[in-house]
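S.K.: Residue numbers (the working numbering): 145 to 600. Don't be surprised by glycine CBs; every beta carbon is placed ideally from N, CA and C. Quick caveat, the model's predicted, so the values are computed rather than measured. If you scroll down you'll find the structure; I have some questions about it.
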Amino acid sequence: MAILNSFPHNLQEIPRANTRTRRKGRRRPSLFKLIVAKRLVAKTISLVPAVPSLLMPKYCPRARSDRGKIKTFQLLSRQVKHAILIYNTLLGFRCLEDQVPRLTLVNHFSNRIELEYPKRQFWKLSTDFFPPLQDGITVRDLRALRKALLLSISLLHNAHIPYVPKLSTLQVTRKALTGAFIPFLDTFDYNMDINDPKVSWAKLQIEALEKVKRSLDRLKFIVDITCRPKAETPHAELDPNIFATALKEFDPPVERYRFVITYVHTYSLDLGEIIIHKTLQFLCGLVHRSFRPLDAEQTQLQDQKAVVRHVLSLAEQHLDRFHGSDIVNLSNDNNNDNNNDHASVRVFADCAALVVLHAALLIQLYAKSVDTDFSKEIVILDDSDSTAVETTDMYRDDDHLRLVADARRKAALALQELDDADGILDYRIPYLIRRRGGEDLPGFRKLRWCDSRGWV
145 MAILNSFPHN LQEIPRANTR TRRKGRRRPS LFKLIVAKRL VAKTISLVPA VPSLLMPKYC
205 PRARSDRGKI KTFQLLSRQV KHAILIYNTL LGFRCLEDQV PRLTLVNHFS NRIELEYPKR
265 QFWKLSTDFF PPLQDGITVR DLRALRKALL LSISLLHNAH IPYVPKLSTL QVTRKALTGA
325 FIPFLDTFDY NMDINDPKVS WAKLQIEALE KVKRSLDRLK FIVDITCRPK AETPHAELDP
385 NIFATALKEF DPPVERYRFV ITYVHTYSLD LGEIIIHKTL QFLCGLVHRS FRPLDAEQTQ
445 LQDQKAVVRH VLSLAEQHLD RFHGSDIVNL SNDNNNDNNN DHASVRVFAD CAALVVLHAA
505 LLIQLYAKSV DTDFSKEIVI LDDSDSTAVE TTDMYRDDDH LRLVADARRK AALALQELDD
565 ADGILDYRIP YLIRRRGGED LPGFRKLRWC DSRGWV
């Protein structure tokens, strides 16, 4: 009893008091914490965003079986507002339900948006619809796709939605009900406000339609020529300017346009320019290696080498045909003799550039190892015996060594002849060239480089 009496009399009241305090804290959180938590949630998830009601993203989820990849895009603050308006407007078009992504999340802190793409098979216009056509795709499918794309562009511009068609990256899918090919529209201009009264939507619609019509008609023309049996059209020929423009617009891979370029039998400046550009782009994407190129890389190198060799032969044939003539049918203004002379010199410069590119491709294809990145200074030029620059150990066999040595010798000769003719070389070609010993070739110091903007 004495021990019990020594304890405080309010012993049982202490936990009760603490329990009441904890319950009170759970029941009545502070008003300040509620306000801060609400604003944080609104700013981060934006399902109840701290923006005007017109900019609230409306999330309409797809069916669970149709939910596909989520892609995140980093935008500016004003672009986020424009994107919300665009995708909110698109939800009102049931006919475009299978053709556009859906906005799922907006992060106003980092100005990022997330788009949900449907879980379907996609084709690429520049790859699968560029000849040779993929199995299962016909010319009729291309016509139907053209009609669907033009209709979609008209519908979007009538609703003041800034859609910018980009055929080099355009993806194609199939309609859920009919299985017809339809374009997937995801290249919107987030810099434009759909409520801006200064925008001439009718003018933008006309420009977009005309651009797509010309490009797809050009593609259809190429498909019509290349997809027919050669027995029916043994002398089928493709205009080089049409082919060069199609390469710029659709940007197909080399395994596609290698097949089409065999139908080009004449040379043009536009054709040489695009082939030089694409070959340089390919060579500058290669890195150093201590082993032979892989099978996939070997195929790409062989395809690119075949394209360069074909275009180089066309340019050489053109120079042989018009050498010494006063009329060179390469300039857009055939009435200007000065332009014609300039055009003949440009073809000569293209030949020199193509010879250097051909040598670089041979080295990348046959060398056992490559020490340089991005093909920098990979073509070593020497005015002495070219076989002294490289040895048999650097290549698979003696035949490959002789091919590379002969290509380097031709490159040095072509540059020397271009210098003697006071020609202008493409300014990107010297990136691939290195003189053994660090010295310049005879006359190489005087050789001028062509700026990408024109002739200096």
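#1: Express the C-alpha separation of ILE369 and ASP361 in angstroms, rounding to a whole number.
#2: Who pairs with ARG246 in a beta bridge, going by DSSP?
#3: Please go through the same chain and pick out, in chain order, the residues whose beta-carbon is closer than 6 Å to the beta-carbon of ASP330, but skip the five residues on each side of it.
#4: Going by alpha carbons, who is nearest to LEU118 out of VAL451, LEU415, LEU463?
#5: With a threshold of 7 Å on Cβ separation, who are the neighbours of ASP529 within its own chain once the five nearest residues in sequence on each side are excluded?
#6: Cβ atoms of SER312 and ASP395: under 8 Å apart, would you say?
#7: Take LEU501 and list the residues in its own chain whose beta-carbon comes closer than 6 Å to its own, dropping the five residues that flank it on each side.
#8: What residues in its chain sit with their C-beta under 6 Å from that of VAL308, if we drop five residues either side in the sequence?
#9: For the beta strand (DSSP E) containing ILE568, list its first residue and its last residue.
#10: Rounding to the nearest angstrom, what Cα-Cα distance links ALA161 and SER174 in this structure?
#11: Using only CA atoms, which one of LYS364, HIS421, SER412 lies nearest to LEU458?
#12: Can you give me the Cβ contacts of ARG167 inside the same chain, cut-off strictly under 6 Å, excluding the 5 residues immediately before and after it?
#13: ASN335 to ARG256, Cα distance in whole Å?
#14: Specify, as a first and last residue, the run of the beta strand (DSSP E) that ARG318 falls within.
#15: Since I believe PHE325 is in contact with PHE266 (beta carbons under 8 Å), could you give me their beta-carbon distance rounded to a whole number of angstroms?
#16: Rounding to the nearest angstrom, what Cα-Cα distance links GLU354 and GLY567 in this structure?
#17: Rounded to a whole number of angstroms, what is the C-alpha to C-alpha distance between ASP337 and TYR231?
#18: Mind checking who ASN232 pairs with in its DSSP beta bridge?
#19: With 16 as the cutoff for other CB atoms within 10 Å, does LEU350 come out buried or exposed?
#20: Is the beta carbon of VAL431 closer than 8 Å to that of PHE365?
#21: So, for ASN480: in the same chain, excluding its five sequence neighbours on each side, which residues have a beta-carbon less than 8 Å away from its beta-carbon?
#22: The beta strand (DSSP E) spanning LEU525 covers which residue range?
M.R.: Quick look at the numbers:
#1: Residue 361 sits at position 217 when you count from the first residue of the sequence shown. Residue 369 sits at position 225 when you count from the first residue of the sequence shown. Spanning the two alpha carbons is a distance of roughly 12 Å.
#2: On the sequence shown, position 102 is the one that residue 246 refers to. The partner list for ARG246 (beta bridge, DSSP) reads GLU260.
#3: The residue you call residue 330 lines up with position 186 of the sequence shown. Around ASP330: PRO245.
#4: With the chain covering only 145 through 600, there is no way to say anything about residue 118.
#5: Translated into positions along the sequence shown, residue 529 becomes position 385. Because the pLDDT at ASP529 is just 45, under 50, the model does not fix this residue reliably, and the value given afterwards should be weighed accordingly. If we look at ASP529 and ignore the five residues flanking it on each side, it has no Cβ neighbours.
#6: Within the sequence shown, the letter at position 251 stands for residue 395. Within the sequence shown, the letter at position 168 stands for residue 312. Yes; because the gap between Cβ atoms is below 8 Å, this pair is in contact.
#7: Here the question's residue 501 lines up with position 357 in the sequence shown. These residues qualify, in order along the chain: THR423, VAL452.
#8: Indexing the sequence shown from 1 puts residue 308 at position 164. Contacts found: THR331, ASP333.
#9: Taking the first residue of the sequence shown as position 1, residue 568 is located at position 424. First-last of the beta strand (DSSP E) with ILE568: 568–570.
#10: Numbered from 1 along the sequence shown, position 17 holds the residue referred to as residue 161. Numbered from 1 along the sequence shown, position 30 holds the residue referred to as residue 174. Reliability of the predicted coordinates at ALA161 is poor, the pLDDT of 44 falling under 50, and no value is obtained from them.
#11: To locate residue 458, count along the sequence shown from 1; it is residue 314. Ranking LYS364, HIS421, SER412 by Cα distance to LEU458 puts SER412 first.
#12: Walking along the sequence shown from the start, residue 167 turns up at place 23. Confidence in ARG167 is poor, its pLDDT being 48 and thus under 50, which makes the residue's placement unreliable; the coordinate value appears in the next sentence. Around ARG167: no qualifying Cβ.
#13: The residue you call residue 335 lines up with position 191 of the sequence shown. The residue you call residue 256 lines up with position 112 of the sequence shown. For ASN335 and ARG256, the gap between their C-alpha atoms comes out near 15 Å.
#14: As a working mapping, residue 318 is identified with position 174 in the sequence shown. Note, ARG318: beta strand (DSSP E), 315–318.
#15: Taking the sequence shown and counting its residues from 1, the one referred to as residue 266 is at position 122. Taking the sequence shown and counting its residues from 1, the one referred to as residue 325 is at position 181. Contact check for PHE266 and PHE325: beta-carbon distance about 11 Å, past the 8 Å limit, so the pair fails to qualify.
#16: As a first step, residue 354 is located in the sequence shown; it is residue number 210 there, counting from the start. As a first step, residue 567 is located in the sequence shown; it is residue number 423 there, counting from the start. Near 38 Å, if we compare the C-alpha coordinates of GLY567 and GLU354.
#17: As a working mapping, residue 337 is identified with position 193 in the sequence shown. As a working mapping, residue 231 is identified with position 87 in the sequence shown. Roughly 12 Å separates the two Cα atoms.
#18: The residue you call residue 232 lines up with position 88 of the sequence shown. Looking at the DSSP assignment, ASN232 forms no beta bridge with any residue, so it has no partner.
#19: By one-based count along the sequence shown, residue 350 stands at place 206. Looking at the sequence shown, residue 350 is not Leu but Ile. So ILE350 counts as exposed.
#20: As a first step, residue 365 must be located in the sequence shown, where it is residue number 221. As a first step, residue 431 must be located in the sequence shown, where it is residue number 287. Going by C-beta atoms, PHE365 is not nearer than 8 Å to VAL431.
#21: Indexing the sequence shown from 1 puts residue 480 at position 336. Bear in mind that a pLDDT of 47 at ASN480, under 50, signals an unreliable position, so the number given afterwards is only what the model happens to contain. Around ASN480: no qualifying Cβ.
#22: For the purposes of this step, residue 525 is identified with residue 381 of the sequence shown, where counting begins at 1. Here the beta strand (DSSP E) through LEU525 covers 523–525.
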